[in-house]
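Student:
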Ligand code: GLU
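Residue numbers (the numbering used here): 287 to 768.
#1: If residue 665 and residue 750 are in contact, beta carbons under 8 Å, what's the gap, nearest whole angstrom?
#2: From this set, 503, 482 and 518, which residue's C-alpha is nearest residue 383's C-alpha?
#3: Quick one, which of 684, 521, 685 and 715 has its alpha-carbon nearest residue 698's?
#4: So, for residue 677: in the same chain, excluding its five sequence neighbours on each side, which residues have a beta-carbon less than 7 Å away from its beta-carbon?
#5: List in chain order the residues whose CB is within less than 6 Å of at least one heavy atom of ligand 1.
#6: Which residue from 392, 585 and 368 puts its Cα closest to that of residue 329?
#7: Determine the contact status of residue 523 and residue 490, defining contact as a CB-CB distance below 9 Å.
#8: Following the continuous alpha helix (DSSP H) through residue 714, name the residue where it begins and the one where it ends.
#9: What number of angstroms, rounded off, separates the C-alpha of residue 316 from the C-alpha of residue 703?
#10: Between the beta-carbon of residue 356 and the beta-carbon of residue 363, is there less than 9 Å?
#11: Name the two residues that bound the continuous alpha helix (DSSP H) containing residue 377.
#12: Tell me, which residues are paired with residue 328 by DSSP?
#13: At which residue ranges does the segment 521-581 contain complete beta strand (DSSP E) runs of 3 or more residues, listed in the order of the chain?
#14: Quick one, which of 670, 467 and 721 has its alpha-carbon nearest residue 689's?
#15: Under three-state DSSP, which class holds residue 484?
#16: Hey, would you say residue 347 sits closer than 9 Å to residue 643, going by beta carbons?
#17: If you check the beta carbons only, do residue 455 and residue 385 fall under 9 Å apart?
#18: Is residue 598 helix, strand or coil by DSSP?
#19: With a Cβ-Cβ cutoff of 9 Å, do residue 450 and residue 458 count as a contact?
#20: Decide if residue 261 is buried, meaning its Cβ has at least 16 other Cβ atoms within 10 Å, or exposed.
#21: How close, in whole Å, do the beta carbons of residue 239 and residue 431 come, if the pair is a contact with beta carbons under 8 Å?
#22: Could you tell me the distance, in whole angstroms, from the CA atom of residue 709 to the CA atom of residue 554?
#23: Figure out for me which residue from 417, 435, 475 and 437 has the closest Cα to the Cα of residue 466.
#24: Do residue 229 and residue 532 have their CB atoms nearer than 9 Å?
#25: With residue 454 as the anchor, note down where its beta strand (DSSP E) starts and where it stops.
#26: From the DSSP output, which residues share a beta bridge with residue 349?
#27: Please report how far the alpha carbon of residue 630 lies from the alpha carbon of residue 656, in whole angstroms.
#28: I'd like the list of long-range same chain contacts for residue 661, defined as Cβ closer than 8 Å, with 5 residues on each side in sequence excluded.
#29: Starting from residue 495 and walking both ways along the alpha helix (DSSP H), at which residues does that stretch end?
#30: So is residue 510 buried or exposed if we call it buried at 16+ other beta carbons inside 10 Å?
#31: I'd like the list of long-range same chain contacts for residue 343, defined as Cβ closer than 7 Å, with 5 residues on each side in sequence excluded.
#32: In terms of residues, what are the limits of the alpha helix (DSSP H) holding residue 464?
#33: Say the cut is 8 Å; is the CB of residue 565 nearer than that to a heavy atom of ligand 2?
#34: Taking buried to mean at least 16 other C-beta atoms within 10 Å of its own C-beta, is residue 576 buried or exposed?
#35: Do residue 769 and residue 514 have their C-beta atoms closer together than 9 Å?
#36: Enumerate in chain order the residues of its own chain whose CB-to-CB distance from residue 370 is below 6 Å, with the five nearest sequence positions on each side excluded.
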């Protein structure tokens, strides 16, 4: 195989969402799998649709997902510039080449004339396509009209007598498009701007793109693009179209139905590797059907042969599950670092030193980094009549009261305030006074957090710290307030 070069070519019309980031993920995985290069190209010629700030947002989203690019607008490369808006001279030179070879021609038809053709097409009287009026103009007339400054578009001259256009697609196989369906499409508008189907090919040739991997929505553009490759005497790249991504309801992705932006997922506390993993499974499966995969494993396993043709559905539960899996694989140090920004210190003023122990006590309950805030209430319940009642009930039982005071006294002497030794210390106090199992752990846990169920007791103690843990137990056993 020639050197693999893939590209992601977003238009800066907003943030990336699960549907459009998938092309980036596959192109990146594929390039990395083959030791190739991944190019970022910005398709910003449609100025009316450009949204200010979205380029920065796209770069940020890709960076967050760990998709690094070898060439792109911010880092240059041998085929710079990488923004279509800066490549006008390259397009113009290519338009001139096609005009010289007769593979393109100037068209003077007015919008009104074209609208009439379209109208006849709508009424079913004729095929709705450009009738080739200006293709048949004599060279002198064409030259005279151009010289007089008459506005013109440039059209691609689809080769005569083309019955079929065959496309070899790595996912959808060999597809044949009837030549009749393709009319002489515009490649340069009258204002001088080139169109998508033309610019994309000029760029893919210039940037030596070996594989064009993108959503199946672009399949219908592919025959036109293939003809431009042919007319420019360039080899067509390998095309690979990825199946449609639909919302959980089987409908087109919409905001409501799961078209969450990458930025939103990030702010909701999903780990980047989980989002990468999730997106890679939209239309692709691992050869051993494994699902929880890190970036390196995805790079190693990815291949176009396992991309399916049927629609992929966004499944929020699966994202949640993958998120929990990735999160649970993090070390405590990593996890602590990741959850910190999601916690409002005003709500839960935990000393920095205790914070890792708090995370450790609650981590098994988290699906996202942002979940910590909610579960913090387990350790820091605040005012809650039910919890106060549960604690007050302990006080009614003299032997429980005595147990709590003994445990508290023994805990005062524990030097190594870590979950393991703390759990052992409580058990050994229990053994000494002849209480174990639920009879020991339930009252101690209830005294500490107001519930007999909850995280591991040693972890709760480690999270609360000695002073707070002992204070809570004494307050419950005595008459002091908690
Ligand atoms: N700019 C196009 C898009 O955002 C890219 C199409 C392509 O990959 O050829 O859909």
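Using N, Cα and C, we set each Cβ at its ideal position, and we do this for glycine too.
Tutor: Here's the rundown:
#1: Contact holds; Cβ gap of about 7 Å.
#2: The shortest C-alpha separation from residue 383 is found at 518.
#3: The option with the nearest alpha carbon to residue 698 is 715.
#4: Around residue 677: 732, 733, 736, 762 and 768.
#5: Ordered along the chain, the selected set is 295, 296, 297, 329, 486, 500 and 504.
#6: Nearest C-alpha to residue 329: 368.
#7: Yes. Within cutoff.
#8: Here the alpha helix (DSSP H) through residue 714 covers 705-719.
#9: Rounded to the nearest whole angstrom, the CA to CA distance from residue 316 to residue 703 is 49 Å.
#10: Taking the C-beta atoms as reference points, residue 363 is found nearer than 9 Å to residue 356.
#11: In this chain, the alpha helix (DSSP H) harbouring residue 377 covers 374-387.
#12: Answer by DSSP bridge pairing, in chain order: 369.
#13: The segment 521-581 contains these whole beta strand (DSSP E) runs: 524-528.
#14: In this structure, 721 is the residue among 670, 467 and 721 with its C-alpha nearest to the C-alpha of residue 689.
#15: Three-state DSSP puts residue 484 in a helix.
#16: Not in contact: residue 347 and residue 643 (Cβ atoms no closer than 9 Å).
#17: Result no, Cβ atoms of residue 455 and residue 385 do not sit closer than 9 Å.
#18: Here residue 598 sits in strand by DSSP.
#19: Taking 9 Å as the cut-off, the beta carbon of residue 450 is found no closer than this to the beta carbon of residue 458.
#20: In the structure as shown, the chain starts at 287 and stops at 768, and residue 261 therefore has no counterpart that could be examined.
#21: No answer is possible for residue 239: it lies beyond the span of the chain, which begins at 287 and ends at 768.
#22: Take the alpha-carbon of residue 709 and the one of residue 554: they are about 34 Å apart.
#23: Among 417, 435, 475 and 437, the Cα nearest to that of residue 466 belongs to 417.
#24: Any question about residue 229 goes unanswered here, given that the chain covers just 287 to 768.
#25: Looking at the DSSP string, the run of the beta strand (DSSP E) that includes residue 454 is 450-455.
#26: Looking at the DSSP assignment, residue 349 forms no beta bridge with any residue, so it has no partner.
#27: Residue 630 and residue 656: Cα-Cα distance of roughly 10 Å.
#28: So the list reads 648, 651 and 652, once near-sequence residues are dropped.
#29: From DSSP, residue 495 is part of no alpha helix (DSSP H); its letter is neither H nor E.
#30: Residue 510 is buried by the Cβ-count criterion.
#31: Closer than 7 Å at the Cβ level, and outside the excluded window around residue 343, lie 301 and 549.
#32: No alpha helix (DSSP H) holds residue 464; the beta strand (DSSP E) holding it covers 459-464.
#33: Questions concerning ligand 2 fall outside what the structure shown contains, since the ligands it does hold are ligand 1.
#34: Flag for residue 576 reads exposed.
#35: A question about residue 769 goes unanswered here, because the residues of the chain that appear run from 287 up to 768.
#36: Excluding positions up to five away in sequence, the list reads 329, 330, 331 and 485.
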